[in-house]
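For the sequence shown, the residue numbers in our numbering are 9 to 300.
Worksheet: one structure, shown below.
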Amino acid sequence: MGSYPLPPITLNSSQMKFSSHILLFALIISLFSCEDVIEVSVQNSTPRLVIDAQFNVFTKEESPRLEGGVRLSFSANYFDQEVPMVKDATVVITHLNSGQEYPLRYNESKGLFLPETIDFLTDLHSDYEIKVVHSGQTYIGTTQFIPVPPILKAEQGNKTLFSGDETEIILTFQDFPERDDYYLYDFGQNIYRPIEDRFFQGEAFVFSHFYTSDEVAVGDLITIKAHGVSVAYYDYFNLILSLTDGNGGPFQSLPASSRGNMVNITEPDNYPLGFFFISESDQRQLLIEDLN
């Protein structure tokens, strides 16, 4: 059982806002002299409803806890300063095995549509459907609750990478046997790592993450989160990375051709953007020490 360093994917704060402000842009700028005038023409795109429906359920805590909810907005043009938010929609999640519907209410302080309870979100044997109704249009998407193995160990190591002043964090988890699994690790500070179990299925997996000296310092308390994700979301996340040269994230601005798992059943050509997923989540905290 070896330790495998995984290079971080660092996302800046504007890239990782929970709302996925989907913006159509394609700017290719060559090297010009300082006296040249550059004129940029950006085509206005038709606004589309953006449905960010992310539910991370921390089941292993004494009281299960939800991070996320549903944020609705409209896509904006590239130079728009504000993104139109949607507060007047009807949002319902249905547990498809039972047919039970759970309405979500808009929480003004959080800017999210939230359920009154989260107990119904953790059924491994049922699909879930979300329905969003706005301006006479009905949008739906389906997903499952995806489990995640607990983080068995998080400890500080003493290896470095390139500059010699990185901080190594060594993580261990036990992969689920007899199934293909996909995970998204969140290292804080908008640093994410998607992982698939192709090469360690059913085994204990140990890997290293390295923080730069700008990201952590001695005395910092860091929080590392693990989320179970579907193969569809795993592929979606990696599509974001490929379209943004590795600088994207789950809610990064994308070309309008990049679509998630939501559809418009009223007017299919007026498709929405965004993704609906429900993840089991786990976390570990670690105090950074001076090991020298």
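Glycine included, each C-beta is placed from N, C-alpha and C at the ideal position.
Residues bridged to residue i (per DSSP)
| i | result |
| --- | --- |
| L229 | L295 |
| P111 | V100 |
| D290 | A234 |
| G165 | E176 |
| D60 | R79, F283 |
| T67 | BP columns for T67 are empty, so no partner. |
| L73 | In the sequence on display, residue 73 carries Arg and not Leu. Note: R73 sits in a beta bridge opposite F66. |
| K139 | V100, I148 |
8 Å CB neighbourhood of residue i in its chain, flanking five on each side removed
| i | result |
| --- | --- |
| D173 | T220, S221 |
| Q291 | F66, I159, T231, I232, K233, A234 |
| K68 | P158, D290 |
| I148 | E137, I138, K139, V140, M270, V271, I273 |
| F208 | D183 |
| G144 | T274 |
| V94 | L57, L80, S81, F82, H142 |
Own chain, CB closer than 7 Å to residue i, minus 5 neighbours either side, in chain order
| i | result |
| --- | --- |
| Q182 | P157, L160, A212 |
| L129 | F63, V65, F153, I286 |
| E186 | G210 |
| D228 | I296 |
| R335 | Lying outside 9 to 300, the shown extent of the chain, residue 335 is not represented and no answer is given. |
Nearest-angstrom Cα separation, counted from residue j out to residue i
| i | j | result |
| --- | --- | --- |
| S22 | L179 | Here S22 scores only 42 on pLDDT, less than 50, and its place in the model is too uncertain to base an answer on. |
| S83 | I126 | 29 Å |
| L294 | I230 | 5 Å |
| D188 | Y136 | 20 Å |
| S117 | K167 | 43 Å |
| F245 | Y191 | 11 Å |
| V239 | I248 | 14 Å |
| F195 | E176 | 12 Å |
| D96 | G236 | 31 Å |
| V214 | F170 | 21 Å |
| L6 | P92 | Lying outside 9 to 300, the shown extent of the chain, residue 6 is not represented and no answer is given. |
| G107 | S71 | 26 Å |
| S216 | A162 | 10 Å |
| G165 | E109 | 47 Å |
| T54 | G76 | 27 Å |
| A61 | R206 | 27 Å |
| H103 | H142 | 21 Å |
| P276 | F184 | 38 Å |
| S250 | E90 | 26 Å |
Residue i (DSSP reduced to helix, strand or coil)
| i | result |
| --- | --- |
| N246 | helix |
| F170 | coil |
| L129 | helix |
| Y279 | coil |
| F284 | strand |
| V224 | coil |
| V239 | helix |
| Q145 | strand |
| N198 | coil |
| F208 | coil |
| D188 | coil |
| I273 | coil |
| S81 | strand |
| G119 | coil |
| E90 | coil |
| D183 | coil |
| V156 | coil |
| T54 | coil |
Same chain only: Cβ atoms within 6 Å of residue i, ignoring 5 sequence neighbours per side
| i | result |
| --- | --- |
| Y193 | R201, A234 |
| F218 | L169, E174, E176 |
| T150 | D135, E137 |
Beta-carbon proximity of residue i to residue j, cut-off 8 Å
| i | j | result |
| --- | --- | --- |
| F283 | N269 | yes |
| L80 | I101 | no |
| S134 | N115 | no |
| T146 | T274 | yes |
| P123 | E288 | no |
| P280 | R56 | yes |
| Y241 | E204 | no |
| V78 | L132 | no |
| V224 | D298 | no |
Any non-hydrogen atom of the ligand SAH within 7 Å of residue i CB
| i | result |
| --- | --- |
| D298 | This structure simply doesn't include the ligand SAH, nor any ligand for that matter. |
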